[in-house]
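The sequence shown begins at 87 in the working numbering and counts up one residue at a time. Everything below concerns the one structure shown next.
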Amino acid sequence: MGVDKVQVHRPDQADITKQESLDAENTPDPMDGEQTWPTNEEIEMAEKESKMKKVKKVPKGWSDYQAAWIPDDDAEFQADLEDSDDEESNSNMDAMSEEKSEASEQEDQEFDTVTESEVAANDEKYDQEMDIMAERQELEKLKAAKSDRMFPDEVDTPLDQPARIRYERYRGLESFRTSPWDPKENLPSDYARIFQFENFDRTKKRVLKEQEDVDGARPGHPFKIYKKSAVIRFMFFNREDIVYFKPCKLRTKMGRIGHIKEPLGTHGHIKCIFDGQLKSQDTILLNLYKRVFPKWTYEDLVVSVVNNEEMET
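Below, the structure is given as structure tokens:
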């Protein structure tokens with residue numbers, strides 16, 4: 087009986103050198119982010135470069151901080167000028183007087199030589215010489231100047247003083263041009279000494295003919311207090327101020343008209359009603375005006391002209 091030979095087929099193996107990688111993501115190396123520590127030679131080289139001394143000539147009495155601001159070009163240029171001056175002075179030494187030589191010696195004594203390592207800026211010393219409070223005050227002044235330039239006719243209500251006291255001499259007007267205001271209201275007592283004219287125009291013409299100037303009283307400067315929102319905040323900071331200014335009308339920069347309805351809570355929030363829906367970028371304003379009267383500081387002085395000569399009586 088014969089035996090059949092069985093042929094076994096082995097699967098083909100892929101060539102790794104020709105096979106395309108199946109990795110979808112790169113495997114990060116945790117040591118890639120490590121910083122290499124400098125060698126001792128690199129540290130010594132850096133110290134030598136930082137300690138390189140460079141001679142500078144600075145005015146006498148200057149501090150290290152002031153000397154650090156002198157550029158190298160200026161120092162070299164000044165050194166060249168001094169060298170040329172020395173050559174000229176040596177060639178003309180016999181012709182120079184003793185006074186000029188003494189003056190040049192005094193000028194040389196007024197300068198000190200410093201090295202670059204001494205001039206190098208020190209962060210700790212720099213911070214000690216800086217006045218932090220003065221820097222902050224200067225920054226606040228710049229912010230206040232910028233705010234005043236952007237909003238010259240707007241003022242915020244103070245936090246440390248009630249608004250009814252801060253603005254007790256002001257009056258809320260819907261319009262400075264059309265709102266009624268008694269011209270004789272709260273006049274200073276000195277104004278009782280002023281005469282009333284039956285016909286001011288006629289008197290004015292007569293006075294102008296006599297070449298006398300008359301200055302009138304001008305009204306005060308308006309300003310506005312505002313905040314964006316239908317429920318207004320930061321315009322007032324207590325309930326009493328809201329009740330005090332409740333009769334005044336409100337307006338917005340986009341032309342809406344409204345009034346105060348009632349205060350909300352005790353921290354200055356106000357519920358207001360307007361003639362239309364407000365926009366989120368709108369600003370609520372309360373117009374206040376104050377009358378300003380010129381001070382009574384005149385002197386009883388009569389000027390008369392007699393024979394082209396000015397006399398005072």
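Even for Gly, the Cβ is constructed at its ideal location relative to N, Cα and C. A quick note: this is a predicted structure, and the numbers were derived from the prediction, not measured.
Problem - Three CB pairs or more closer than 8 angstroms across the segment 279-294 and the segment 363-378 - result: Counting Cβ pairs under 8 angstroms, fewer than three are found: no touch.
Handout entry: Rounded straight-line distance, which links the Cα of Leu336 to that of His345
Key = So the alpha carbons of these two residues sit roughly 5 angstroms apart.
Problem - Test item: CB-CB of Tyr277 and Glu215 under 8 angstroms - result: At the C-beta level, Tyr277 and Glu215 stay beyond 8 angstroms of one another.
Exercise for the section: Report the option in Asn126, Phe322, Ala110 whose CA atom is closest to the CA atom of Leu372. Expected result: Between Leu372 and the set Asn126, Phe322, Ala110, the nearest pair of CA atoms involves Phe322.
Practice task
Return yes when the Cβ of Pro248 is within less than 8 angstroms of the Cβ of Asn324, no when it is not.
Solution key: By the CB criterion at 8 angstroms, Asn324 and Pro248 fall inside the cutoff.
Exercise for the section: Starting from the Cα of Phe379, find the closest Cα among Trp267, Asn112, Leu273, Pro114 and give me that residue. Expected result: Residue Leu273 holds the alpha-carbon nearest to the alpha-carbon of Phe379 among Trp267, Asn112, Leu273, Pro114.
Exercise for the section: Check His307 in the structure and name its three-state DSSP category. Expected result: Per-residue confidence for His307 stands at a pLDDT of 26, beneath the threshold of 50, marking its modelled position as unreliable; the derived number appears in the next sentence. His307 falls in the coil class under three-state DSSP.
Practice task
Please say whether Tyr253 and Leu374 have beta carbons closer to each other than 8 angstroms?
Solution key: Remark: C-beta atoms of Leu374 and Tyr253 approach each other more closely than 8 angstroms.
Exercise for the section: With Thr122 as the anchor, note down where its alpha helix (DSSP H) starts and where it stops. Expected result: For Thr122, no alpha helix (DSSP H) segment is defined, and its DSSP state is neither H nor E.
Problem - Cβ-Cβ distance between Lys376 and Arg255 below 8 angstroms - result: It is a contact, given that the beta carbons lie within the stated cut-off.
Problem - Nearest neighbour of Ile318, chosen from Ile359, Leu225, Ser149 [CA to CA] - result: If we check each option's Cα against that of Ile318, Ile359 comes out closest.
Handout entry: Beta-carbon proximity list for Arg342, same chain, < 8 angstroms, skipping 5 on both sides
Key = Around Arg342: Phe360, Asp361, Gly362, Leu364, Asp368.
Problem - Asp242 classed as buried or exposed, judged by whether at least 16 other C-beta atoms fall within 10 angstroms - result: Asp242 is classed as exposed because its beta carbon has fewer than 16 other beta carbons within 10 Å across all chains shown.
Problem - Nearest to Phe262 (by Cα), restricted to the options Arg235, Ser275, Cys334 - result: Closest by C-alpha distance to Phe262, out of Arg235, Ser275, Cys334, is Cys334.
Problem - Element boundaries [beta strand (DSSP E), containing Arg255] - result: Arg255 -> no beta strand (DSSP E), and no H or E assigned at all.
Problem - Where Arg337 falls: helix, strand or coil (DSSP) - result: Three-state result, Arg337: strand.
Exercise for the section: Determine the DSSP secondary structure at Lys229, reduced to helix, strand or coil. Expected result: If DSSP states are grouped into helix, strand and coil, Lys229 belongs with the helices.
Handout entry: Rounded straight-line distance, which links the Cα of Gln99 to that of Ser107
Key = Their Cα atoms are separated by approximately 15 angstroms.
Problem - Three-way DSSP call (helix, strand, coil) for Lys314 in this model - result: In this prediction, Lys314 has a pLDDT of 42, which is less than 50 and means its spatial position is unreliable; what the coordinates show is noted afterwards. Of the three classes helix, strand and coil, the one that applies to Lys314 here is coil, per DSSP.
Practice task
May I ask you to list the residues that DSSP assigns as paired with His355?
Solution key: His355 is bridged by DSSP to Leu350.
Handout entry: Inter-residue Cα distance where the pair is Asp239 and Arg279
Key = Approximately 34 angstroms between the Cα atoms of the pair.
Problem - Supposed close pair Glu348, Lys357 - CB separation, criterion 8 angstroms - result: Confirmed, about 5 angstroms.
Practice task
Please classify Gly354: is it buried, with 16 or more other beta-carbons within 10 angstroms of its beta-carbon, or exposed?
Solution key: Its Cβ being crowded by 16 or more others within 10 Å, Gly354 is buried.
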